[in-house]
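Going down the list, the sequences are from chains A and U. Just add 1363 to wherever you are in the first sequence, counting from 1, and you've got this note's numbering. Just add 1363 to wherever you are in the second sequence, counting from 1, and you've got this note's numbering. Worksheet for the structure shown next.
There are 2 protein chains.
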Amino acid sequence: MVIKYDIGKNKYRNWIVGETDFKPEYPGKFETIFTLGNGYMGVRAATEETYREETRGCYIAGLFDKFPGEVTELANIPDWLNIEIKLDGEKFDLKTGKILSYQRQINIKDGQLIRNIEWESPTSRKTRLTFERFVSLDNIHFAALKVKIIPLNYSGAIEICSGINGQTTNSGVQHFKEGRLRFSSEGIISMTSRTQESNIGLVIAAKHRFYLNGKILEEKEGIGSQRRKIFLSSRYKIKQNEEFIFKKMVTVYTTRDPDFKEKEKVSDKEIEKAAVDNLKKLIETGYNNLFEAHKERWNQLWEQIDITLDGPDFDQLAIRFSQFHIYQMTPVHDGRLSIAAKGLSGEGYKGHIFWDMEIFILPFLIYTFPEIAKRLLFYRYHFLDGAREKAKENGFEGAMYPWECADTGCEVTPKWGGVDFKTGKPQRIWTGELEQHITCDIVYSIWHYFQATCDYDFMYNYGLEIILETSRFWASRLEYNPEKDQYEINDVTGPDEYSEHINNNTFTNYMVKWQLNKTIQFSEWVKMNQLEVWKKVTSKIKFTFNELSDWKEKADKIYIGMDKASGFIHQYEGFTDKKEVDLLKYKGKVGAIAQDYNWEEITQMQVLKQSDIIMLLYLLGDDFSQETKRLNWGYYEPKTLHDSSLSPSIHAIVALDIEDVEKGYEYFERSIRIDLGENLKSSWDGLHAASLGGNWQAVVYGFGGVRITNKGRLRINPHLPEKWKNLKFKINWRGEKYSIEITKNKITLKPLSSISRSLLVEIYGKDYFLHPNEILKVTY
Amino acid sequence: MVIKYDIGKNKYRNWIVGETDFKPEYPGKFETIFTLGNGYMGVRAATEETYREETRGCYIAGLFDKFPGEVTELANIPDWLNIEIKLDGEKFDLKTGKILSYQRQINIKDGQLIRNIEWESPTSRKTRLTFERFVSLDNIHFAALKVKIIPLNYSGAIEICSGINGQTTNSGVQHFKEGRLRFSSEGIISMTSRTQESNIGLVIAAKHRFYLNGKILEEKEGIGSQRRKIFLSSRYKIKQNEEFIFKKMVTVYTTRDPDFKEKEKVSDKEIEKAAVDNLKKLIETGYNNLFEAHKERWNQLWEQIDITLDGPDFDQLAIRFSQFHIYQMTPVHDGRLSIAAKGLSGEGYKGHIFWDMEIFILPFLIYTFPEIAKRLLFYRYHFLDGAREKAKENGFEGAMYPWECADTGCEVTPKWGGVDFKTGKPQRIWTGELEQHITCDIVYSIWHYFQATCDYDFMYNYGLEIILETSRFWASRLEYNPEKDQYEINDVTGPDEYSEHINNNTFTNYMVKWQLNKTIQFSEWVKMNQLEVWKKVTSKIKFTFNELSDWKEKADKIYIGMDKASGFIHQYEGFTDKKEVDLLKYKGKVGAIAQDYNWEEITQMQVLKQSDIIMLLYLLGDDFSQETKRLNWGYYEPKTLHDSSLSPSIHAIVALDIEDVEKGYEYFERSIRIDLGENLKSSWDGLHAASLGGNWQAVVYGFGGVRITNKGRLRINPHLPEKWKNLKFKINWRGEKYSIEITKNKITLKPLSSISRSLLVEIYGKDYFLHPNEILKVTY
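Put into structure tokens, the structure is as follows:
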């Protein structure tokens, strides 16, 4: 095993992921899974010294830019991590000399990355080096690192060359203009630049400090600069066994930060001042105090969100790892942002926001930080105009959300992908045009949030407008088939991307029908109970009540490809007629099928990347009987390759819903290994944020069995796996917080504050009340 | 010694530069000095496998682009060199495992780069690898490489991953749009893209071939693509001691190539077709035949240009090295191009053209390939409008050439440089505004060319217009000082850039006076002898004869800061009043002074980067007596740091002119080490083309003593250094070619064709005639 999961001992047991071998050929995996972030910035775990295989990356939430001829993407900002170290004249480079001991670990309890090395140089100089790094949760603009160096068998000069390198790119694409380099009398260096097209200003300021045997050393740094680079070089002579420490503190600001939100235009000077002023204060406070404050914030956070289980250590670690990374990528500081498919951990999917956000990531936040969940949904409201634009461009009414979204709300899905190995030409990417289900996915998550929080304010101010406008889109999108007197949706792609340009995709049709009905129901309720709100919203969007009756008629007549007698659901018209292929050799090997078949061929086979129907059975589970679920599971599950990281967690939940606990656990074990597992070739371009959110759902919705019923009630039907003795977690439900403990035969439900109302909860088909000041224990 | 100069044996003696140790910390030096090129493209000698310290670079002459907010630069094109090799599962990486033997060499006779390695992998697999590479002189669009692999103590799979990587940048700046990737049924991959701003299309096409023990292997390549990358992966099992060969052939075309010069617009498809069609033909011909044709071209070339000397091997090698690289960077294929300060060998000075071209590089071409020299001068005519534009922008008349020139003739000198270590702010670069002497330097070189070739056609069609327009500029630029009744030129910088914003810089004033007088003289001659020409040119530029008399008056009154009595020449007004500093600690260490003083301080001291006055004594040597030369040498030489690579060769020549042969040789030895010497920290960003040209001049003008007298005659006053027994070279002089052999006391001058006229040549103050069908031998 290359990844070590058992490094954490005592209070850090199941809190640490590490490696004990230097694997220069697989830096990408570790750069990603050891990413540090605070929702404002994400810093891939590139090493201080550079290696040819690396992908250095640092991203700021919302810092998008568009290179000519390409789609908008999250820009890789200048690198502040790189430090070149010379030990008595020899460059520190783990590819040379001999590694005597090596350990790198991410401590997810404290939010710290640590690397311990004993290295023997090519000329036999032995040195102990420790690297520590954190990205502050306490001051989002701040990150810092510390290097400790002890020469073990020699005395000599330690040379440090460290600075800010703006030569970094997104795989060769440069988003920043050259900008300005500065060096101040206080020894602070800075680089200020603006993005090419979006014209966002960015400043990085850095300050170094040096210590020998605990005592601060006089700074004697030489300044240097090259194109897009500013750096400081220093040289200190130290003796054998002395302890040399180098600290680097960095602040980062952009002109789009909420810090400046009252200003129309923010100048480079203003952000420079903010960065330098903040840095000066932080220098006063000192590295150690700043790290303690950061650690304290993480520890407090874990008090609120930690899920514990009495079961295999890996399971415990994995669920924490999932929560750690989701929180690290959550922009709690800014209501105009959302979470990308890779968070802030890599270039994959260009920092774009997909349905991954609403369907996979959001539930964790809805049930732990509903206020944050609200902000993230606000992102969709903020960019409603972009969705209106897309609807208009496509000849529809209302609002049609983009499949991939960045900084404007407009569609940013690239149109071309890699070269097809059979045609020799680039593949056309159709998802931006065809994965229209994103629009109902967003409505689903708004409804989900609303059900779990009863946040009427959100619905009145934002939600209602979204659901009306998006329903308007669907009403105009539906195609009437006079022969069959039914409404159809043709030429789409469902969640399963191995089928495209399909007609009457049941997932889409069913979700649209559901959305229209929910919108009608909620609209009627608002009109009846909150006429002022109704008037305000409908007059804004020029909505007439007639539209509702039109929707009613249409919703009733939407074609759903389900065999009423058997309960079999057709993924889409014609799926069952497609070619069947023996999938055995592709199972468990993500993407392996693409080595034998090209894209065109794959879309003509009965093979699923992830399953539409299983997803539907999950999202609207109460609509389907256990028999229907089992029948469709039996048909689709064997045909699904899980080539999407979104697939296993959903399969885990549905397996548990149909009480196949073994299969459920199997899928869970697969899902939690997507990023954290041993496959060193995966995750290079970023975390699979949806799978991390899916892991949380598999635990709380799957094993925990928490769900909202069709009646809008809380239900808890747990199914603990064989290997787990118990499971404890906390959820927010309609303004109150509860702890839930589950064992094999008992649920203990405890309010964490003095609740004002009784809570009605359904457990295994029976209703129970948790009354104020009580604890509910149910044995089954 | 890290660089090996004595690798070449027998017929390759003094034809090979090599290294026998792998020095991963200093790749830049070797990437530059081992650059291969053919005037169309230049390919830095990056290794096939990548290392973190490298700077991969491939440049196409004239392929300029401008990144927003920066100045135009030569764009680094996608990398076609990179090949990742796996040997029985282990990545070939010289930083790992053990190097059993290593040798890399550039063969400048044949134009080939060769690397021989025996490498033991970390798991003790031993392999012999040979890499060969050439950039064809025979087909400028073509380059190729060959890798030979022999497993010495194992049998196993050889994996090759090779392609085209468009993630390359100019130090982080991306000039190309994403472009198109293609893979054809013939196994040809290609990448086509356009520059961001200049909209030049570029295509690179590549084809692989594999051989086992001399027999061609069936191609079984898997295609892959990533962002801006296309590559082919293949895997062959081979046995111990078998010989596996991999060949990669590449063609490169751009839409601005002369191949398409008749077309207004050239499409991507057209260049793709050209690249693929050419490549297919080349594949037919085969690698070995293609290499032979290329080698033959080099060998023929050497017949024409080789300079031989009976002296230290290093001197012999160095002069060949200089010629080799100048020829490699000379765009013989295109009359709209010139030669940049770094040729096509690196990013330094952004591929811009300076006076380095006319004053340093051109003489070699004037005397060996006058037709090519003419084309290069045509570049200045081609961009005369840019110079007119610059004059206008600055409120002057006529044509004012830019200090740095690229693809439009407009000024492209950047305005800001690195961070000043005292002020902490970027330094303002003033050369674009102040180094106005470039305009007379260009006129000087036109006159030089004209004198050496008697190419009246060039003068009538291009030269006259340039000298009139630039003289017009100077006439409007001169400032009248009524108090002194003299014309002055204030606020300039001369060749010595350690003084700026100076008044009455003698180099500039003197050259302007010279230029005006030469222009007047030639104009009068043309008017008298070629009235039609005169009318044509003057009517085109609306020139009136009155202007000439105005120039006459002005030229007479230009202030020259020379003490008539002593002959001392003031570099500029006030130079001798500036602070004197002990320069001893900075001598011989290029740029060392900048570690103690910042730019502002340096400009206030009596310190020279290179010497204006020595340069003047060289360019217009016949104007000054030996006493004047010696006096000024004695004053300026000790104050000169030679922090410019342009300095030593000129000092060599002037030292020889004043018959200080020892000093002359000393400076020559310094000049030929600028790129070729042992300093591994120099030359990283490209060759010092001017110094290479200067080396040729030091040999032919300095030791050879060849010069054009003020009367326009050929003079040969040789001064062989102590260590040289003889020196042989060839020159073109006014349409004829001669060989010149010099020993310590004899000159042998031989026409290389049957000359039609007798040649008058001045040797040590006496005139001699070389008559047709004779050989002139002069003993002294």
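Built from N, CA and C at the ideal position, the CB exists for glycine as well. Computed from a predicted model, the values in this text were never measured in an experiment.
{"Query": "With three or more beta-carbon pairs closer than 8 Å as the criterion, would you say the region 1655 to 1671 of chain U touches the region 1487 to 1501 of chain U?", "Result": "yes"}
{"Query": "Using a C-beta cutoff of 8 Å, does residue 1458 (chain U) count as contacting chain A?", "Result": "yes"}
{"Query": "Counting pairs of beta carbons, one from the region 1615 to 1626 of chain A and one from the region 1558 to 1577 of chain A, are three or more of them closer than 8 Å?", "Result": "yes"}
{"Query": "Quick one: measure Cβ to Cβ for residue 1497 (chain U) and residue 1474 (chain U), integer angstroms, because I've assumed they're closer than 8 Å.", "Result": "6 Å"}
{"Query": "Could you spell out where the beta strand (DSSP E) holding residue 1421 (chain A) opens and where it closes?", "Result": "1421 to 1423"}
{"Query": "To the nearest angstrom, report how far apart residue 2073 (chain U) and residue 1905 (chain U) are at their CA atoms.", "Result": "31 Å"}
{"Query": "Which residue or residues does DSSP assign as beta-bridge partners of residue 1789 (chain A)?", "Result": "A:1782"}
{"Query": "Which residue wins for smallest C-alpha separation from residue 2170 (chain A), given the options A:1463, A:2121 and A:2045?", "Result": "Past the edges of chain A, shown from 1364 to 2143, lies residue 2170 (chain A), and the structure says nothing about it."}
{"Query": "So residue 1811 (chain A) is in the alpha helix (DSSP H); what residue range does that whole segment cover?", "Result": "1801 to 1816"}
{"Query": "Run through the DSSP bridge pairs and tell me what residue 1768 (chain U) is partnered with.", "Result": "U:1716"}
{"Query": "In chain U, what lies closer than 9 Å to residue 2158 (chain A) by C-beta?", "Result": "The structure shown has nothing for residue 2158 (chain A), since chain A only spans 1364 to 2143."}
{"Query": "On the DSSP letters alone, give me the boundaries of the beta strand (DSSP E) that residue 2132 (chain A) sits inside.", "Result": "2129 to 2133"}
{"Query": "Quick one: give me the first and last residue of the alpha helix (DSSP H) that residue 1872 (chain U) is part of.", "Result": "1869 to 1892"}
{"Query": "Using a Cβ-Cβ cutoff of less than 7 Å, which residues in the same chain neighbour residue 1715 (chain U) once the five nearest sequence positions on both sides are dropped?", "Result": "1703, 1704, 1767, 1768, 1769 and 1775"}
{"Query": "Which same chain residues end up closer than 7 Å to residue 1953 (chain A) when comparing Cβ atoms and leaving out the 5 residues on each side of it in sequence?", "Result": "2006"}
{"Query": "If you follow the alpha helix (DSSP H) that residue 1923 (chain A) is in, where does it begin and where does it stop?", "Result": "Residue 1923 (chain A) -> no alpha helix (DSSP H), and no H or E assigned at all."}
{"Query": "Is it buried or exposed, residue 1943 (chain A), if we count other Cβ atoms within 10 angstroms and call 16 or more buried?", "Result": "exposed"}
{"Query": "Give the DSSP-derived three-state secondary structure of residue 1995 (chain U) in the structure shown.", "Result": "helix"}
{"Query": "List the residues of chain U that residue 1712 (chain A) touches, going by C-beta distances under 9 Å, in chain order.", "Result": "Neighbours of residue 1712 (chain A) on chain U: none; closest Cβ ~12 Å, over 9 Å."}
{"Query": "How would you call residue 1975 (chain U), buried or exposed, if buried means at least 16 neighbouring beta carbons within 10 angstroms?", "Result": "buried"}
{"Query": "I believe residue 2067 (chain U) touches residue 2092 (chain U) by the beta-carbon criterion, under 8 Å. Please report the beta-carbon distance rounded to the nearest angstrom.", "Result": "6 Å"}
{"Query": "Mind pulling the chain U residues with CB within less than 7 Å of residue 1541 (chain A)?", "Result": "1432 and 1433"}
{"Query": "What is the DSSP secondary structure of residue 1946 (chain A), counted as helix, strand or coil?", "Result": "coil"}
{"Query": "DSSP three-state label for residue 1590 (chain U), please.", "Result": "coil"}
{"Query": "I'd like to know if residue 1527 (chain A) contacts chain U, where contact means its C-beta is closer than 8 Å to some C-beta of that chain.", "Result": "no"}
{"Query": "Using DSSP with H/G/I as helix, E/B as strand and the rest coil, what is residue 1988 (chain A)?", "Result": "coil"}
{"Query": "Within the 8 Å Cβ cut-off, does residue 1491 (chain U) reach chain A?", "Result": "no"}
{"Query": "With DSSP collapsed to three states, give me the class of residue 1667 (chain U).", "Result": "helix"}
{"Query": "Using the Cβ count rule (16 or more neighbours within 10 Å means buried), how would you classify residue 1391 (chain U)?", "Result": "buried"}
{"Query": "Just to make sure I have the definition right: I need the residues of chain A whose C-beta is within less than 7 Å of the C-beta of residue 1531 (chain U). Which are they?", "Result": "1535"}
{"Query": "Please compile the residues from chain U whose C-beta is within a distance smaller than 8 Å of the C-beta of residue 1414 (chain A).", "Result": "1415"}
{"Query": "Would you kindly check if the distance between the Cβ of residue 1672 (chain U) and the Cβ of residue 2108 (chain U) is under 8 Å?", "Result": "no"}
{"Query": "What span of residues does the alpha helix (DSSP H) with residue 2016 (chain U) cover, start to end?", "Result": "2010 to 2020"}
{"Query": "Could one say the Cβ of residue 1643 (chain A) lies closer than 8 Å to chain U's Cβ atoms, at least one of them?", "Result": "no"}
{"Query": "Nearest-angstrom Cα distance between residue 1989 (chain A) and residue 2129 (chain A)?", "Result": "17 Å"}
{"Query": "With a Cβ-Cβ cutoff of 8 Å, do residue 1844 (chain U) and residue 1935 (chain U) count as a contact?", "Result": "no"}
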